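Asks: This structure is in structure tokens; I'll ask about it shortly.
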Amino acid sequence: MDTTVLSHVELFRDIQIKELQLLLPCLQAREKRYAKGEMICRAGETISELGVVVSGSINVMVNFYWGGSNIFGHFEAGQVFGETYAALPERELLVDVVAAEDCMILFLNLNKLLTTCRRSCAWHHQIIRNLIRLSAEKNLSLSTRMMQTAPKTIRERLSLYLSEQAQHHGRNHFTIPYSRQQLADYLSVDRSALSNELSKMQQDGLIRFHRSEFTLLKELDM
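Here full-length UniProt numbering is used: position 145 in the sequence shown is 145, and no number is missing along the way.
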């Protein structure tokens, strides 16, 4: 594959392009394209590879026994997914991984990644350090998600989420990666109730929004 497109991938931070060309075959790398809505990994399967989102984005979905689903995570270009299950190849996936839009995924054998070769290449140690850092960041993201869904009211959950997004983007105007239904799933609330609360917050002069674009007009109370 064209290794220049991997320059934005955090897993390969501080690894030169020429080193990547040697690295990918060593890690049994393979790439695959997926169309929007296509299943990448299915609950009940086992995996031994982690995935790198090269382009596009994906959603990690939890499907409930009695119907309905919830977005557990959203990963965009440059991010890594599946490393936890790949490290425990005997454990079945509890989630589905679905293409949120047309995307390209690069799969890497995790065992090859974690096992240094006899040459003890410098880049191999670097990629392990990068993976540890990414896993730590993902744990922090999960903690943030837990805090966002802890409040009892929909307004409080929305206020926490939108404030975090503004902080993440560094400005009060931003676009979120979710549709209205997906945002409701992410916050574990009813879609109609979410839409009603958004309208009330707009009427109260707190926010302005159009589809997935939001502007915070005032500091949101939580």
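In this text, a Cβ means the ideal position worked out from N, Cα and C, and glycines have one as well.
As the structure is a computational prediction, the values presented were derived from the model and not from experiment.
Helix, strand or coil: how does DSSP classify Leu207 here?
Replies: Sequence inspection shows Ile at residue 207; the Leu mentioned does not correspond to that position. Three-state result, Ile207: strand.
Asks: What are the boundary residues of the alpha helix (DSSP H) that Met61 is part of?
Replies: Looking at the DSSP string, Met61 is not in any alpha helix (DSSP H); the run it does join, the beta strand (DSSP E), is 57-63.
Asks: For Arg180 versus Ser163, is the C-beta distance shorter than 8 Å?
Replies: Contact: no.
Asks: Over what stretch of residues does the beta strand (DSSP E) that includes Tyr34 continue unbroken?
Replies: Here the beta strand (DSSP E) through Tyr34 covers 30-34.
Asks: Just to confirm before moving on: does the CB-CB distance between Leu93 and Ala43 stay below 8 Å?
Replies: For Leu93 and Ala43, yes; Cβs fall inside 8 Å.
Asks: From Gly37 to Glu101, what distance separates their C-alpha atoms?
Replies: Each residue's Cα considered, the two are about 7 Å apart.
Asks: Hey, which unbroken runs of the beta strand (DSSP E) at 3 residues or more fall wholly within the stretch 175-220?
Replies: Correct list: 207-210, 213-216.
Asks: Please determine, among Lys138, Val189, Ile154, Phe107, the residue with the shortest C-alpha to C-alpha distance to Ala86.
Replies: Comparing Cα-Cα distances from Ala86 to each of Lys138, Val189, Ile154, Phe107, the minimum goes to Phe107.
Asks: Is the beta carbon of Glu197 sitting closer than 8 Å to the one on Arg145?
Replies: Against a cut-off of 8 Å, the Cβ pair of Arg145 and Glu197 comes out as no contact.
Asks: May I ask you to list the residues that DSSP assigns as paired with Ile71?
Replies: DSSP, once it has assigned bridges, lists Met61 as partnering Ile71.
Asks: Scan the stretch 93-120 and note each continuous alpha helix (DSSP H) run of 4 residues or more that stays entirely inside, going in chain order.
Replies: Runs of the alpha helix (DSSP H) inside the stretch 93-120: 110-114.
Asks: Let me know the alpha helix (DSSP H) ranges lying completely inside the stretch 113-158, each 4 residues or longer, listed in chain order.
Replies: Correct list: 122-148.
Asks: Do the stretch 2-21 and the stretch 130-147 touch if we need at least three Cβ pairs shorter than 8 Å?
Replies: Touching, per the Cβ criterion.
Asks: If you measure between the beta carbons of Ala35 and Ala99, is that distance less than 8 Å?
Replies: Yes. Within cutoff.
Asks: Tell me the DSSP secondary structure of Leu160 in three-state form.
Replies: DSSP places Leu160 in helix when its eight states are reduced to three.
Asks: Give me the Cβ distance between Arg211 and Val189, rounded to the nearest whole Å; I'm assuming they're in contact under 8 Å.
Replies: Not quite, the Cβ-Cβ distance comes to about 18 Å (not below 8 Å), so this is no contact.
Asks: Beta-carbon within less than 7 Å of Asn172's beta-carbon, same chain only, minus the 5 sequence neighbours each way: which residues are those?
Replies: Excluding sequence neighbours, Asn172 sits near Ala166, Thr215, Leu216.
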